[in-house]
Every structure is written in C-alpha cells, then in structure tokens.
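Residue numbers (the working numbering): 5 to 153. A short write-up of the structure that comes next.
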DNA sequence: GCCAACGTTGGC
DNA sequence: GCCAACGTTGGC
C-alpha cells in the first residue's frame with residue numbers, strides 16, 4: 005500500500021480539524037502533478053499530514069485515504085476560493101479525495117528536522133523551491149519519518 | 001511582510 | 001511553440 009504526504013495550511017484545515025471531524029475532503033488542489041498523485045491514491049493508503057505556511061511547518065499526524073479520487077466539487081462552486089471558471093459538470097479537470105483521521109502526533113516533526121535526515125534527501129518536500137503539495141513517500145522514507153517521532 | 005522559486009497564462 | 005509577465009506557494 006502506497007504512502008503519501010499532503011500539505012495543508014492549518015488555518016485552513018489542520019490535523020486537529022480532521023481529528024474533530026473524523027473525516028474530510030481533500031480538495032482545492034490546483035496543480036497537475038499533485039492532482040495526478042491524488043488520482044493514484046487507493047482506499048486505505050496512509051498519508052502524513054503536513055502543516056504549511058504556519059509558525060511551525062512540519063508533519064503533524066497521519067490520515068488515511070477513504071476512497072479513490074473524484075471530480076473536485078469546489079472547482080464548480082463560484083463561491084469557493086478554488087473555483088475554476090473553466091470547469092463544468094461535464095468537464096472538470098480537478099480531483100479530490102476523501103480522507104479519514106488516524107493519528108495526531110504529540111509534537112510536530114519540524115521541517116528543519118526533516119531536512120536534516122539523510123534518508124529523506126530525495127523527497128520533493130525538502131528540495132529547495134519545491135511547492136508540490138501532494139507527493140509520494142517511499143516505504144523507507146515512511147519508516148524514517150516514523151522513527152523521528 | 002518579504003521574496004525566491006515555481007507553474008500558468010496569453011500574446012505573438 | 002516561445003517566453004515574458006503574472007500570480008501563487010511557502011519558508012523565513
């Protein structure tokens with residue numbers, strides 16, 4: 005079963021929000037590479053929940069993919085910040101997935117720590133200038149990150 | 001708030 | 001198809 009990492013701004017949607025709700029929809033992804041990864045996800049896949057654009061960027065917990073990707077409804081909603089005027093019911097290029105809560109880490113595994121880990125050097129997350137918000141995590145990377153808790 | 005790095009748009 | 005201009009991401 006593949007592993008993933010997904011970024012969210014905690015002010016927008018945090019691991020605590022997911023914990024309280026128990027489930028949620030991962031939508032608003034507007035980047036083709038990230039979208040293509042969403043489409044590869046399978047129910048049961050686990051992902052690291054990363055907090056970005058905040059005081060302490062880093063991995064805050066774990067979630068689970070609840071089902072495979074489907075057209076992102078926010079692209080069709082004129083009131084959504086993720087509205088895509090080019091999208092229609094018949095032609096919606098964006099995808100969303102449903103997710104569930106698994107775990108909230110006691111402490112965030114901070115970005116500086118992730119950058120220091122030699123086992124994670126290949127990850128897009130730690131590459132300079134990378135903005136990819138959805139990315140695969142290899143088995144060995146997953147284990148290395150779990151060991152940093 | 002700043003700004004480097006990146007992806008997308010649109011004129012040509 | 002090129003590429004300059006623009007808007008966005010995201011760390012700091």
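For glycine and all other residues, C-beta sits at the position ideal for the given N, C-alpha and C.
Inset, instruction - Determine, using beta-carbon pairs with one atom in the region 17-37 and one in the region 72-87, whether at least three such pairs fall under 8 Å. - result: Three or more Cβ pairs closer than 8 Å define a contact, and the region 17-37 meets that threshold against the region 72-87.
Inset, instruction - Could you tell me the distance, in whole angstroms, from the CA atom of residue 19 to the CA atom of residue 108? - result: Taking the Cα positions, residue 19 is about 7 Å away from residue 108.
Inset, instruction - Spell out a yes or no on whether the region 104-124 and the region 143-152 are touching, meaning 3 or more CB-CB pairs, one atom from each, closer than 8 Å. - result: yes
Legend entry - Paired residues, beta bridge with residue 19 - DSSP: Beta-bridge pairing links residue 19 to no other residue.
Inset, instruction - Could you check the C-alpha separation between residue 45 and residue 74 for me, to the nearest Å? - result: 11 Å
Inset, instruction - Thinking residue 15 and residue 58 are a contact (beta carbons under 8 Å), I'd like their distance in whole angstroms, please. - result: 7 Å
Legend entry - From 36, 6, 64, 43, residue whose alpha carbon lies closest to that of residue 13: 64
Inset, instruction - Would you kindly work out how many angstroms separate the C-alpha atoms of residue 56 and residue 62, rounded to a whole number? - result: 7 Å
Inset, instruction - Could you give the DSSP three-state label for residue 140: helix, strand or coil? - result: strand
Inset, instruction - Compute the Euclidean distance between the alpha carbons of residue 123 and residue 53, then round it to the nearest angstrom. - result: 19 Å
Inset, instruction - Report yes if the C-beta distance between residue 47 and residue 71 is below 7 Å; otherwise report no. - result: yes
Inset, instruction - Would you check if the distance between the CB atom of residue 138 and the CB atom of residue 38 is smaller than 7 Å? - result: yes
Legend entry - With 16 other Cβ atoms within 10 Å as the buried cut-off, status of residue 99: By the neighbour-count criterion, in which 16 or more other beta carbons inside 10 Å mark a residue as buried, residue 99 falls on the buried side.
Legend entry - Limits of the beta strand (DSSP E) - the one that residue 79 falls within: Segment: none, residue 79 is in no beta strand (DSSP E) and carries neither H nor E.
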